[in-house]
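S.K.:
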Amino acid sequence: MSIWGKIIGGTAGFALGGPLGAILGAAAGHVVDKIKGGMRGPQIGGHDHRQIAFATGVIVLAAKMAKVDGHVSRDEINTFKRVFHIPPGEEKNVGRIFDMARTSSDGFEIYARQMATMFRGERAILEGVLEALYQIAMADGELHPAEQDYLKKVAHIFGFADVDFDRVHHAFTASNGPDPYEQLGLTRGASDDELKSAHRKLSRENHPDTLIAKGMPPEFIEQANDKMARINAAWDQIRKERGIR
């Protein structure tokens, strides 16, 4: 079963808890009623629990971002479906969660805080959530000021400093491509050894297999591959400029 099927499985909301779980529980109310009547829902294990939290967090925070922007464009909807591999049979269910989050009176902060708590210490995972939101926001070719302000607030709740946010921001918005040194988290004054070490560390932390093991759903693998491609492209550019073997 895909992650999108699991999040509307009936018991997912109860297992997840908190504001994210409440959204799932409300969206899956009809399924919960069947479970109470004797039908057994899918059992949610520890790893599934983290994957469900990641996917639900992206949906809910994207919905809140759409509310800030004032509209949801067709490009954003199509990007969400394409990048995150939502099967046609699950689009209605994912849309139900999105609409409930978008129209609820709750602020985005409580959902972002739950994500920050659940993935505390998992910097690459939280950065993956932020990057997923950037992909959706940039689907129409531009980032609106309200969206940028929203994304920066989410980043701060996740515990990212401004320099960390800027690195993600420039990866998606720099007209001439992101600065390779910034993408490795260093400056042009860094030594060759420091750059090599940074590249190895980022490659290890952001490898798709590592991210999936820590809670990123396989449906987000395309995003993880894009991140690795950016890291390797930055390193290749620096290596060629400096003549590093």
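Each residue of the sequence shown is one higher than the one before, starting from 172 at the first, in this note's numbering. For every residue, glycine included, the Cβ atom is placed at its ideal position computed from N, Cα and C. None of the values given here were measured: they were computed from a predicted structure.
Three-state secondary structure (DSSP) at Ser275?
M.R.: coil
S.K.: In chain order, what residues of the same chain have a beta carbon less than 6 angstroms from the beta carbon of Pro349, not counting five sequence neighbours either side?
M.R.: His341, Ala342
S.K.: Determine the contact status of Ile296 and Lys385, defining contact as a CB-CB distance below 8 angstroms.
M.R.: Taking 8 angstroms as the cut-off, the Cβ atoms of Ile296 and Lys385 count as close.
S.K.: Are the CB atoms of Gln222 and Gly299 nearer to each other than 8 angstroms?
M.R.: no
S.K.: Tell me whether the beta-carbon of Leu187 lies closer than 8 angstroms to the beta-carbon of Ala233.
M.R.: no
S.K.: Which value, in whole angstroms, describes the spacing of the CA atoms of Asn264 and Ala224?
M.R.: 16 angstroms
S.K.: For Asn377, count neighbouring Cβ atoms within 10 angstroms of its own Cβ and tell me buried if that reaches 16, exposed if not.
M.R.: It is buried - the Cβ of Asn377 has at least 16 other Cβ atoms within 10 Å.
S.K.: Taking 8 angstroms as the threshold (C-beta atoms), are Tyr352 and Met236 in contact?
M.R.: no
S.K.: Closer than 7 angstroms: is that where the CB of Thr274 sits relative to any heavy atom of the ligand ZN?
M.R.: Judged by which ligands are present, the structure shown has none, so any question about the ligand ZN falls away.
S.K.: CB-CB under 6 angstroms to Arg359, same chain, minus the five flanking residues each way: which ones, in chain order?
M.R.: Tyr352
S.K.: Would you mind stating whether Ile194 and Met271 have Cβ atoms separated by less than 8 angstroms?
M.R.: yes
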